[in-house]
Ligand SMILES: Cc1cc2nc3c(=O)[nH]c(=O)nc-3n(C[C@H](O)[C@H](O)[C@H](O)COP(=O)(O)OP(=O)(O)OC[C@H]3O[C@@H](n4cnc5c(N)ncnc54)[C@H](O)[C@@H]3O)c2cc1C
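Numbering (my numbering), first residue to last: 73 to 578.
Have a look at this one:
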């Protein structure tokens with residue numbers, strides 16, 4: 073196969089990541105912000121978040137969001153593919169955990185996942201690398217979970233705990249979410265891309281796709297893209313595969329209007345862009361009398377708890393959430409948060425209050441399963457555009473009553489375990505406004521062409537040579553970070569295409 077990938081961003085240079093400099097935290101909230109509207113790079117596109125309590129976060133460059141991600145790497149559970157059967161809500165996926173299992177394992181090897189086999193919350197799976205160190209903050213929290221008798225386990229983390237496949241091991245620098253200068257974090261520019269290029273895949277950067285074009289039979293026949301100088305080009309293709317993120321993919325589809333598809337490509341059923349799921353998060357942090365030094369170590373990878381993962385009707389909501397322990401914060405962010413929420417005063421008393429917070433706080437984020445709702449959606453903004461004049465995505469999103477109850481429960485339980493671990497005070501934010509980094513459901517997978525965009529192997533129902541392999545095809549969102557499952561799905565769909573090559577368009 074001859075494969076060409078068009079990417080709107082650039083290759084990254086890990087030597088320039090903030091973690092190598094003393095101004096790491098400052099750069100992390102500026103040019104390396106996870107919010108594209110704050111970052112505002114030429115390679116970004118703006119997002120209109122005005123109608124959403126959660127702001128979209130992403131990264132646009134080779135490696136996509138994995139350049140900035142925390143590399144917390146849980147798989148979906150078997151029950152996550154059967155939400156309708158288990159709880160009578162949303163829909164079952166047309167595939168199951170067993171279908172994806174070999175691809176989860178292959179992806180764990182490609183990414184180099186660290187963790188400890190035997191987590192009772194999951195089906196048995198081995199991991200290529202031993203777990204990351206828990207650190208004092210992880211051990212302190214684990215004692216809190218033990219006191220309450222709640223589940224916890226070292227997180228599966230896409231971070232090399234030992235040298236792996238040419239990547240060096242994690243040095244505990246801390247700020248994983250502004251890029252890993254050490255190369256220990258498995259972003260796809262350092263895992264998949266070198267291998268793909270060795271095998272002949274062509275990657276063209278600074279190519280921003282405006283639309284996918286169709287022929288008279290309604291088959292995709294290529295894309296129109298802008299190069300770095302803003303020149304438009306047509307790239308013909310026999311098969312088009314979209315992997316532009318749960319926001320970027322519906323944006324391209326909605327922008328690809330033709331006589332055959334007046335509402336956007338593969339959207340004659342009006343499903344593209346709908347059912348947006350974002351994983352409402354609560355962020356809960358506790359202050360401790362002793363030093364925990366959580367500013368060191370992989371910031372989003374430590375231990376997790378799935379005590380409240382599966383449905384328990386007595387809690388007043390269906391489905392559940394993962395508690396993800398997030399160690400601590402650096403000095404600048406500690407000061408900014410403390411000043412923002414009143415824990416640190418300006419002027420007199422600053423140093424004293426700062427000293428009590430910095431290196432003395434740890435906490436967790438709670439990732440709540442979001443259920444698909446047709447009114448939560450991505451549309452095209454009528455005024456806002458990127459630098460090439462392509463309409464920006466507009467987010468329409470409200471929290472459901474189920475999500476509100478789940479968030480409140482997660483704050484209550486997180487407070488309980490932080491106190492059991494010895495916290496003397498606890499702060500929270502729910503929903504966590506900045507945390508729109510899991511973008512799912514906007515080109516959902518299903519067997520019914522009236523209510524879904526792609527079939528059970530990722531092919532668009534309405535366009536037989538168009539495939540989608542990113543988080544937009546999620547039928548439901550689970551209560552875990554999505555990337556392990558996005559990648560397993562991408563491998564599964566690539567494999568399905570290869571198996572069916574002789575009759576791919578039947
Ligand atoms: C700060 C942060 C922390 C995160 N932490 C975690 C975590 O711990 N665990 C986890 O599982 N997930 C995490 N995520 C989410 C994770 O990054 C995403 O799930 C994952 O990257 C999604 O992969 P994707 O391929 O679907 O989309 P992306 O990674 O967003 O890749 C899409 C690519 O398409 C390109 N593109 C889009 N539109 C166009 C266009 N029109 N033309 C050309 N190119 C285009 C973009 O430039 C981008 O490179 C985090 C994300 C962020 C931002």
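All C-beta atoms, glycine included, are put in the ideal place defined by N, C-alpha and C.
Only a predicted model underlies this, so the values are computations on that prediction, with no experimental measurement involved.
- Item | Nearest-angstrom Cα separation, counted from residue 279 out to residue 298 | 6 Å
- Query: Per DSSP, residue 292 is paired with what?
  - Reply: 286
- Message: Can you determine whether any heavy atom of ligand 1 sits closer than 7 Å to the C-beta of residue 160, and answer yes or no?
- Response: Taking 7 Å as the cut-off, the C-beta of residue 160 does not count as close to any heavy atom of ligand 1.
- Can you round the beta-carbon distance between residue 150 and residue 192 to whole angstroms, since I take them to be within the 8 Å contact cut? Their Cβ separation, rounded to whole angstroms, is 14 Å, which puts residue 150 and residue 192 out of contact at 8 Å.
- Task: Assign residue 95 to buried or exposed, taking buried as 16 or more other Cβ atoms, counted over all protein chains shown, within 10 Å of its Cβ.
- Result: By the 10 Å Cβ count, residue 95 comes out exposed.
- Query: If you measure from the CB of residue 193, is any heavy atom of ligand 1 nearer than 7 Å?
  - Reply: no
- The alpha helix (DSSP H) spanning residue 108 covers which residue range? 108-111
- Which residues in the same chain as residue 230 place their Cβ atom closer than 6 Å to its Cβ, once the five residues preceding and following it in sequence are excluded? 143, 145, 183, 185, 258
- Should residue 576 and residue 569 be called a contact, given that it needs their Cβ atoms to be closer than 8 Å? yes
- Task: Could you check if residue 226 is buried or exposed, using at least 16 other CB atoms within 10 Å of its CB as the buried criterion?
- Result: In summary, residue 226 is buried, with 16 or more beta-carbon neighbours lying within 10 Å of its beta-carbon over all protein chains present.
- Item | Closest Cα partner of residue 443 within the set 332, 542, 161 | 161
- Task: Tell whether a beta-carbon distance below 8 Å holds between residue 514 and residue 429.
- Result: no
- Supposed contact pair residue 138 and residue 555 - C-beta distance, whole angstroms, cut 8 Å: 7 Å
- Message: For residue 154 and residue 165, what's the separation of their Cα atoms in angstroms?
- Response: In this structure, the alpha-carbon of residue 154 lies about 6 Å from that of residue 165.
- Query: Out of 289, 399, 385, 344, which has the shortest C-alpha to C-alpha gap to residue 365?
  - Reply: 399
- Residues of its chain near residue 448, where Cβ-Cβ distance is below 6 Å and the 5 sequence neighbours each way are ignored: Excluding the 5 residues flanking it on each side, residue 448 has same chain C-beta neighbours closer than 6 Å at 348, 469, in chain order.
- What does a CB cutoff of less than 8 Å around residue 107 pick up in its chain, not counting 5 residues either side in sequence? 127, 128, 129, 506
- Message: Let me confirm a value: residue 85 is counted as buried when at least 16 other C-beta atoms fall within 10 Å, else exposed. Which label applies?
- Response: Only exposed fits residue 85, as fewer than 16 other CB atoms lie within 10 angstroms of its CB.
- Alpha-carbon spacing of residue 269 relative to residue 467, whole angstroms: 35 Å
- Message: Here's a check: name, in chain order, each residue in its chain whose Cβ is nearer than 6 Å to the Cβ of residue 283, leaving out the five neighbours to either side.
- Response: 296, 327, 328
- Query: How long is the line joining the alpha carbons of residue 382 and residue 549, rounded to whole angstroms?
  - Reply: 13 Å
- Query: Which residue from 132, 345, 290, 201 puts its Cα closest to that of residue 546?
  - Reply: 345
- Across which residues does DSSP place residue 314 in a beta bridge pair? 540
- Item | beta strand (DSSP E) segments (min. 3 residues) lying fully within the stretch 474-541 | 497-501, 538-540
- Just to confirm, does residue 376 get its C-beta within under 7 Å of one of the non-hydrogen atoms of ligand 1? no
- Query: Helix, strand or coil for residue 440 per DSSP?
  - Reply: strand
- Item | Strand pairing of residue 120, partner residues [DSSP] | 466.
- Message: Given the structure, does residue 347 come close to ligand 1, in the sense that its CB is under 7 Å from one of the ligand's heavy atoms?
- Response: no
- Is residue 292 near residue 452, with beta carbons less than 8 Å apart? no
- When the Cα atoms are used, what is the spatial distance from residue 330 to residue 540? 19 Å
- Message: Determine whether the beta carbon atoms of residue 413 and residue 274 lie at a separation below 8 Å.
- Response: no
- Message: I want to check one thing, is the minimum distance from the CB of residue 80 to the heavy atoms of ligand 1 below 7 Å?
- Response: yes
- Mind checking residue 461: buried by the 16 CB within 10 Å criterion, or exposed? exposed
- Taking residue 76 as the reference, which of 203, 511, 294, 89 has the closest Cα? When only C-alpha atoms are compared, the closest one is 294.
- Run the CB neighbour count on residue 217, radius 10 Å, all protein chains shown included, and call it buried at 16 or more, exposed below. buried
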